[in-house]
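Following: one structure in structure tokens, then a few remarks.
Residue numbers (this note's numbering): 46 to 755.
Printed below as a string of structure tokens:
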């Protein structure tokens with residue numbers, strides 16, 4: 046009955062590989078594959094460089110570095126007349142309370158570049174009566190050529206502000222120096238001020254304008270504090286990452302000799318680390334009992350820029366406790382159900398350890414992948430910045446005093462004073478609003494951005510594919526070497542990379558292209574979701590959610606298929622489609638073994654990463670929070686100690702993932718080679734197996750056990 050089912054499987058998913066006495070591993074005599082896709086990829090790269098050159102010729106990153114005055118000029122830019130005027134001054138910051146700020150992200154009041162922010166209260170009327178005061182006041186006015194200026198003329202032409210207030214520079218902008226004294230908001234020592242137009246105003250009017258003008262300053266302040274934390278702790282972060290790298294390397298080396306013992310230790314330590322984390326969360330939760338304010342809910346507290354506040358809440362530690370308990374239970378249940386299959390995975394890990402031991406250079410190949418990916422990311426980021434800053438200055442009509450029909454329409458500052466708009470709306474101003482443009486280049490700018498994103502995905506996937514094919518070719522050379530390691534090539538990594546680049550650039554580009562298209566579609570769906578967030582109905586939300594879920598699943602499947610296709614390309618030198626079909630059919634003919642081994646080894650490697658990341662993360666937590674008494678004085682004083690901790694945890698995961706990805710690729714390659722070996726050979730003297738006896742014994746034994754149970 047089982048043989049009949051096996052025959053049906055073979056017929057449905059192709060014929061098994063036949064014995065070939067000349068087959069000795071990766072084929073040396075091979076030809077170029079998927080040449081058309083190779084040409085398309087080269088042309089796309091040339092087009093990518095062309096987009097970069099166009100972006101660099103039009104873009105200007107200074108637009109995101111320097112504040113811009115009402116004339117669209119940069120304050121503090123080196124080599125310009127405004128070089129010594131780094132701060133932006135608002136004539137009337139109370140106008141920033143206008144809703145136009147939210148529409149155009151620009152205050153409807155003249156803005157000029159100044160050398161220093163004002164340090165005193167002064168009105169134009171008062172300054173005009175005292176030459177010394179007026180000499181100080183003029184630095185906050187636009188340049189004027191009046192021989193005998195008068196106050197109405199200066200105010201009408203908006204040459205000078207009606208009044209100035211004590212201000213402090215923040216993010217290169219002058220904001221009122223607001224303080225709180227005895228529960229009242231004051232500027233200097235006053236709660237009211239003369240606005241220079243004959244009215245006495247409350248300081249809260251200044252506060253409202255400053256809040257709107259400061260619409261993104263809270264986020265920037267958090268960013269500045271985070272940047273300060275990095276400047277104080279970067280060397281400790283690098284030390285922690287060095288520890289993570291050495292720990293990962295030591296773990297891999299020990300796996301070479303003590304695979305079974307290391308897996309056991311890894312399982313115990315992961316359970317212990319998560320258990321300790323549960324204990325620590327419970328102790329923090331219990332310690333806050335009865336503390337004033339500790340019972341406030343996270344929902345009631347709302348969003349806070351100081352994230353340390355959340356650690357003073359019992360609800361935060363209770364959430365951590367519940368999450369960690371769920372993780373611990375899931376890990377233990379998986380270990381119980383997979384206890385028999387873990388023995389098979391250990392045997393495969395042992396063989397992978399031997400392969401890596403004979404090809405030690407494979408452990409350092411992720412460094413090359415990381416370097417290439419860094420170049421791709423850097424080019425994408427620089428191009429994105431230049432594209433986003435390649436717009437031209439757009440000026441719009443602002444009139445916050447009267448109901449002008451031309452408000453928010455585009456204007457030309459050079460001809461505005463003589464235009465019909467200024468005649469119909471005498472109080473209107475033509476001010477810099479934002480960066481945009483209406484030329485063909487600017488209309489297609491969004492397409493250039495998406496092309497930049499698409500090529501970023503394509504190039505990243507190509508680099509990853511090159512690494513997978515290179516490692517697969519090297520490990521396949523090890524498996525199909527009958528006398529290990531005597532029959533191994535002298536430089537298996539370089540030989541495999543040479544074959545991949547010489548013959549299979551097109552196939553790698555083809556597989557990367559398919560994946561990049563799916564990833565770009567996912568980005569488009571996220572873009573549409575963001576754009577339609579305020580208008581979409583329930584059906585649209587449901588449709589977008591379904592599409593995002595489907596393309597997420599499709600991306601995972603394509604990654605799995607590509608990975609196995611690249612292994613077949615490395616061994617047989619076939620084109621992408623044929624290799625993908627052969628790999629898929631081979632896996633489907635052995636679907637039980639795939640489920641048993643692939644996911645179990647992935648789970649064990651995940652535990653290994655979790656152990657390394659958890660250990661380094663716990664050590665970082667105790668160090669940066671000052672809980673290690675021996676080095677308490679050495680730890681830097683930080684605004685947010687979670688900043689370096691999260692950085693170390695995320696970076697440690699990628700470091701551990703880099704080392705374990707070599708193991709994962711080795712196991713996947715050996716597993717596919719093992720399946721091919723079983724189909725090609727029968728273990729007789731005429732058709733001997735290439736796999737070692739230890740691996741054959743464990744896998745054959747498991748296979749016989751499954752057959753008996755059926």
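Ideal placement from N, C-alpha and C gives every residue a C-beta, glycine not left out.
Which residues bound the beta strand (DSSP E) around residue i?
i	result
residue 215	212-215
residue 357	Run containing residue 357: none; DSSP gives neither H nor E here.
residue 133	132-135
residue 219	218-221
Between the C-alpha atoms of residue i and residue j, what's the straight-line distance to the nearest angstrom?
i	j	result
residue 696	residue 275	14 Å
residue 296	residue 654	10 Å
residue 315	residue 671	24 Å
residue 534	residue 633	31 Å
residue 660	residue 666	10 Å
residue 588	residue 111	42 Å
residue 172	residue 164	14 Å
residue 285	residue 305	28 Å
residue 523	residue 610	19 Å
residue 310	residue 92	52 Å
residue 648	residue 375	12 Å
residue 511	residue 519	12 Å
residue 596	residue 320	36 Å
residue 616	residue 703	23 Å
residue 208	residue 169	6 Å
residue 427	residue 118	23 Å
Report the option in the options whose CA atom is closest to the CA atom of residue i.
i	options	result
residue 572	458, 593 and 180	593
residue 299	395, 382, 366 and 114	395
residue 474	156, 94 and 318	156
residue 101	699, 622 and 429	429
residue 550	569, 508, 519 and 318	508
residue 566	158, 165, 503 and 197	503
residue 74	664, 614, 736 and 727	614
residue 560	500, 519 and 520	500
residue 206	215, 181, 213 and 214	181
residue 161	203, 210 and 172	210
residue 187	741, 538, 199 and 310	199
residue 404	517, 631 and 117	517
residue 543	562, 77 and 88	77
residue 411	700, 526 and 126	700
residue 630	606, 652, 651 and 197	606
residue 217	132, 708, 678 and 577	132
residue 307	662, 387, 575 and 183	387
If you follow the alpha helix (DSSP H) that residue i is in, where does it begin and where does it stop?
i	result
residue 634	621-634
residue 513	490-524
residue 694	687-725
residue 326	304-332
residue 159	Not the alpha helix (DSSP H): residue 159 falls in the beta strand (DSSP E), residues 156-159.
residue 428	410-433
residue 589	583-617
residue 537	537-548
residue 391	384-403
residue 468	465-469
residue 178	176-182
Using a Cβ-Cβ cutoff of less than 8 Å, which residues in the same chain neighbour residue i once the five nearest sequence positions on both sides are dropped?
i	result
residue 330	359, 362, 363 and 366
residue 128	121 and 122
residue 370	323
residue 682	277
Can you check DSSP and say which residues form a bridge with residue i?
i	result
residue 474	443
residue 81	Answer by DSSP bridge pairing: none, since residue 81 is not bridged.
residue 119	113
residue 168	208
residue 455	441
Using a Cβ-Cβ cut-off of 7 Å (strictly less than) and excluding sequence neighbours within five positions of residue i, which residues of its own chain qualify?
i	result
residue 498	565 and 568
residue 466	442, 451, 456 and 473
residue 753	Residue placement at residue 753 cannot be trusted, given a pLDDT of 41 that sits under 50; the coordinates are not used to answer.
residue 635	720
residue 406	538
Once you ignore the five residues that flank residue i on each side, which residues in its own chain have a CB closer than 6 Å to its CB?
i	result
residue 355	361
residue 686	669 and 670
residue 646	390 and 712
residue 431	100, 101 and 104
residue 612	517, 714 and 717
Does the beta carbon of residue i sit closer than 8 Å to a beta carbon anywhere in chain B?
i	result
residue 684	Annotation note: the requested chain B is absent from the structure, which comprises a single protein chain.
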